[in-house]
Amino acid sequence: MPAPKNVLLIVVDQWRGLMLPKLGADYLKVPNIHRLSEEGVTFRNHFTQAAPCGPARASLLTSLYLMNHRAVQNTIPLDARFTNLGHELRRGGYDPALVGYTTTTPDPRTTDANDPRFLVLGDIMDGFRPVGAFEPYKDAYFGWVANQGFKLPENREDIWLPQGGAGAGATSRPAAIPKELSDTAWFTERGLSYLRGRAGKPWFLHLGYYRPHPPFIAPAPYHDMYRPQDMPKVVRAASAAEEASQHPLLGYYVNNIQQSSFFQDGKGLGSAMSEAEVAQMRATYCGLMSEVDDQVGRVFDYLKQTGQWDDTLIVFTCDHGEQLGDHHLLGKIGYSDESYRIPMIVRDPRAEANGTRGSIVERFTETVDTMPTILEWLGLPIPRQCDGRSLLGFCEGQTSTDWRTEVHYEFDFRDLYYSKPESALRVPMDKCSLAVVQDENFKYVHFAALPPLLFDLKKDPGQFINRATDPAYAAKLAEYSAKMLDWRLGFADRTLTGYRATPNGLESRAA
């Protein structure tokens with residue numbers, strides 16, 4: 001009998017795409033993930049299609065651009081008519097187990113308005129079977145911590161305050177919670193418990209991790225594993241005011257993002273952080289990455305010890321990036337590369353992939369490519385709904401002549417209960433949107449109701465100078481706005497457009 005085919009989809013949160021040793025971040029201590037890079041294929045120019053978590057994960061798990069799935073922000077429902085990776089795996093006979101979260105708000109047409117899922121930021125996407133759910137209240141995690149004998153504070157999330165009490169902000173002090181009881185350890189325990197129970201049966205596991213998502217506080221020994229002076233320098237204008245002048249949306253975020261969203265005891269604007277504070281924040285962020293790596297290593301060791309390593313497709317990716325002080329911003333926001341470029345490593349155990357192990361793909365790839373990659377590897381059909389394409393050809397050393405030459409992503413900035421750019425900028429809700437088309441030369445940002453942006457990436461890789469109003473770039477502005485229109489026309493919802501009625505009955509055509 002053929003060996004069982006297993007899939008491990010590791011989805012970390014808020015991990016910047018270029019922060020991998022394979023891609024030059026040699027200061028980063030993540031030996032297990034680096035070994036995965038050496039045994040698989042690493043995609044340098046891999047981008048998410050949206051931010052923050054909810055829209056990004058909707059694109060990851062439905063293979064739809066934001067313009068098609070329309071779960072445009074956290075708390076915005078996902079239309080129930082769409083299939084997703086979980087549903088497709090079930091059709092193929094797999095139990096789509098999930099550790100972590102998807103930040104999905106259900107379709108209100110499928111449930112009652114009193115459904116408690118409408119009281120929270122998000123819940124688990126239909127189709128997956130939670131075996132370690134972090135959302136919506138983190139109850140399972142905090143219950144596990146309490147069961148280990150740790151006394152939870154009145155505000156449970158104060159476990160992410162530094163030892164010694166509040167008032168530190170960006171700090172090298174360790175978290176109050178020890179590493180053995182961290183959320184990263186809990187995710188791993190839940191994942192390993194599920195895998196041990198499979199007893200040799202084929203499996204799929206979405207193994208999610210919350211880190212290096214804020215609050216930016218790490219347990220010992222990760223809290224001081226990195227020195228702030230060794231961190232990459234911040235990329236930002238000379239002052240927050242100068243940065244804010246680039247565009248009204250950027251100005252809103254520079255003047256409104258609070259440190260309290262990133263540190264359990266943070267105070268003041270994120271844009272007010274000094275270079276020293278940013279460097280310390282980055283050192284802590286790297287410590288959280290190293291903690292994830294240690295825990296991922298436990299899962300890898302288990303697969304090797306049980307003889308499953310060479311029967312398992314491993315995909316390591318993320319929902320979105322993190323500004324980390326670049327452009328005077330914190331979080332995943334707006335139109336900056338730092339928020340949208342994400343890691344992607346694919347380790348295909350088949351012999352067909354032996355020739356590409358340790359390689360780096362420079363072509364533009366997108367988070368919508370994840371679902372088709374997994375389905376193709378399992379021999380399952382790829383729904384016409386999917387906007388992405390399988391990456392297995394890259395693993396096999398094949399270069400497609402019609403692969404995309406640019407990347408696309410979108411952001412919606414309508415008012416939410418925790419952010420009010422729509423009101424501040426006086427833009428109608430349904431026009432609070434931007435879309436980006438970007439290649440190796442230029443980046444064009446189109447707004448529905450605000451001025452556009454155009455960056456010359458060869459002359460201005462930091463993206464400080466808007467060329468959209470420069471007469472010398474008028475032709476480029478027109479060219480890239482046409483590219484945007486071409487993309488929108490080519491990827492409008494195609495779920496049923498491949499069917500047609502004929503005198504012989506219903507026909508289905510491939511694209």
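So that you can map any letter, position 354 of the sequence shown is 354 in full-length UniProt numbering, and since no number is skipped, the others follow by simple counting. Ideal placement from N, C-alpha and C gives every residue a C-beta, glycine not left out.
Exercise. Any idea what DSSP makes of methionine 231, helix, strand or coil?
Worked result: Judged by DSSP in its simplified three-state form, methionine 231 adopts coil rather than helix or strand.
Exercise. Taking the alpha helix (DSSP H) that cysteine 395 falls in, what are its first and last residues?
Worked result: Counting along the chain, the unbroken alpha helix (DSSP H) around cysteine 395 starts and ends at 392-395.
Problem set entry | phenylalanine 43, DSSP secondary structure in three states | In the structure shown, phenylalanine 43 falls within a strand segment according to DSSP collapsed to helix, strand and coil.
For this session: Check the Cβ-Cβ distances between leucine 269 and every residue of chain C, and say whether any is below 8 angstroms.
Result: As a matter of chain content, chain C is missing from the structure shown, which is built from one protein chain.
Problem set entry | Alpha carbon of serine 423 to alpha carbon of glycine 191, nearest angstrom | About 42 angstroms.
Problem set entry | Between the CA atoms of alanine 474 and glutamate 88 - distance to the nearest angstrom | Glutamate 88 and alanine 474 have their C-alpha atoms spaced approximately 45 angstroms apart.
For this session: Report yes if the C-beta distance between glycine 54 and alanine 71 is below 8 angstroms; otherwise report no.
Result: Cβ atoms of glycine 54 and alanine 71: closer than 8 angstroms.
Problem set entry | Whole-angstrom distance between aspartate 387 and asparagine 74, CA atom to CA atom | In this structure, the CA atom of asparagine 74 is about 21 angstroms from the CA atom of aspartate 387.
Problem set entry | Entirely enclosed beta strand (DSSP E) segments - the segment 393-450, minimum 3 residues | As far as the segment 393-450 is concerned, its whole beta strand (DSSP E) runs of at least 3 residues are 407-412, 433-438 and 442-447.
Exercise. Taking Cβ positions, are glycine 266 and isoleucine 257 nearer each other than 8 angstroms?
Worked result: Not closer than 8 angstroms, so no.
Problem set entry | Nearest to phenylalanine 187 (by Cα), restricted to the options Trp160, Ala238, Ala240 and Pro130 | Shortest Cα-Cα distance from phenylalanine 187 to any of Trp160, Ala238, Ala240 and Pro130 involves Pro130.
Problem set entry | Buried/exposed call for proline 428, threshold 16 Cβ in 10 Å | So proline 428 ends up on the exposed side.
For this session: Kindly give me the distance between the Cβ atoms of leucine 453 and histidine 247, rounded to whole angstroms, as I take these residues to be in contact under 8 angstroms.
Result: Yes, leucine 453 and histidine 247 are in contact; Cβ-Cβ is about 6 angstroms, under 8 angstroms.
Problem set entry | Cβ contact (3+ pairs, closer than 8 angstroms) linking the segment 299-319 and the segment 343-352 | These segments touch.
Exercise. Using a Cβ-Cβ cut-off of 8 angstroms (strictly less than) and excluding sequence neighbours within five positions of arginine 117, which residues of its own chain qualify?
Worked result: Contacts found: Thr105, Pro106, Thr111, Asp123 and Pro136.
Exercise. Is arginine 426 buried or exposed, if buried means 16 or more other CB atoms sit within 10 Å of its CB?
Worked result: By the neighbour-count rule (16 or more Cβ atoms within 10 Å), arginine 426 is not buried but exposed.
For this session: Could you check which residue in Phe142, Arg109, Leu207 and Tyr226 has the C-alpha nearest to that of leucine 181?
Result: Taking the Cα of leucine 181 as reference, the smallest distance to any Cα among Phe142, Arg109, Leu207 and Tyr226 is reached at Phe142.
Exercise. CB proline 108 to CB lysine 332, shorter than 8 angstroms?
Worked result: For proline 108 and lysine 332, no; Cβs fall outside 8 angstroms.
Exercise. By a C-beta neighbour count over all protein chains shown, 10 Å radius and 16 as the cutoff for buried, is asparagine 155 buried or exposed?
Worked result: Counting Cβ neighbours within 10 Å, asparagine 155 comes out exposed, since fewer than 16 surround it.
Exercise. Identify the residues that DSSP records as bridge partners of alanine 133: which are they?
Worked result: Residue pairing by DSSP places alanine 133 opposite Gly100 in a beta bridge.
Problem set entry | Beta-carbon gap between phenylalanine 411 and leucine 434 smaller than 8 angstroms | Cβ distance < 8 angstroms, so phenylalanine 411 and leucine 434 count as in contact.
Exercise. When we look at the beta-carbon of asparagine 6 and count the other beta-carbons within 10 Å, is it buried (16 or more) or exposed?
Worked result: It is buried - the Cβ of asparagine 6 has at least 16 other Cβ atoms within 10 Å.
Exercise. By Cβ distance, which residues of its chain are closer than 7 angstroms to alanine 492, with the 5 residues on each side in sequence left out?
Worked result: Excluding sequence positions up to five before and after alanine 492, its CB lies less than 7 angstroms from no other CB in the same chain.
Problem set entry | alpha helix (DSSP H) segment containing isoleucine 374, residue limits | Run containing isoleucine 374: 370-377, per the alpha helix (DSSP H) assignment.
Exercise. How about threonine 367 and serine 390: do their beta carbons lie closer than 8 angstroms?
Worked result: No. Outside cutoff.
For this session: Run through the segment 468-507 for me and flag every whole beta strand (DSSP E) of 3 or more residues, listed as ranges in chain order.
Result: Complete beta strand (DSSP E) runs here, min 3: 499-502.
Problem set entry | In chain order, each beta strand (DSSP E) run of at least 3 residues that lies wholly inside the segment 153-212 | Runs of the beta strand (DSSP E) inside the segment 153-212: 204-208.
Exercise. Taking only runs of the beta strand (DSSP E) that begin and end inside the segment 14-85, which ones reach a length of at least 3 residues, in chain order?
Worked result: Taking only runs of at least 3 residues, the beta strand (DSSP E) segments lying wholly in the segment 14-85 are 41-47.
Problem set entry | Of the residues Gly462, Arg44, Asp13 and Arg488, the one placed nearest glycine 208, counting alpha carbons only | It is Asp13.
Problem set entry | Backbone CA spacing between residue 558 and arginine 500 [nearest angstrom] | Nothing about residue 558 can be reported from this structure: the residues present for the chain run from 1 to 511 only.
Problem set entry | the segment 290-299 touching the segment 355-365, judged by at least three CB pairs closer than 8 angstroms | Contact between the segment 290-299 and the segment 355-365 is absent: fewer than 3 CB-CB pairs across the two stretches fall below 8 angstroms.
Exercise. Which parts of the segment 243-271 are runs of the alpha helix (DSSP H), unbroken and 4 residues or longer, counting only runs that do not cross its ends?
Worked result: The alpha helix (DSSP H) runs lying completely inside the segment 243-271 and spanning 4 residues or more are 248-254, given in chain order.
Exercise. If we count the other Cβ atoms within 10 Å of its Cβ and call it buried at 16 or more, is tyrosine 418 buried or exposed?
Worked result: Tyrosine 418 is exposed by the Cβ-count criterion.
For this session: Provide the residue(s) that pair with cysteine 318 in DSSP beta bridges, ordered along the chain.
Result: According to the DSSP secondary-structure assignment, cysteine 318 is paired through a beta bridge with Val12.
Exercise. Would you say the segment 157-171 touches the segment 214-228, given that touching needs at least three Cβ pairs under 8 angstroms?
Worked result: As far as the Cβ criterion goes, the segment 157-171 touches the segment 214-228, which means the pair count is three or higher.
For this session: Can you have a look at arginine 227 and say buried or exposed, based on whether 16 or more other CB atoms are within 10 angstroms of its CB?
Result: Arginine 227 is exposed by the Cβ-count criterion.
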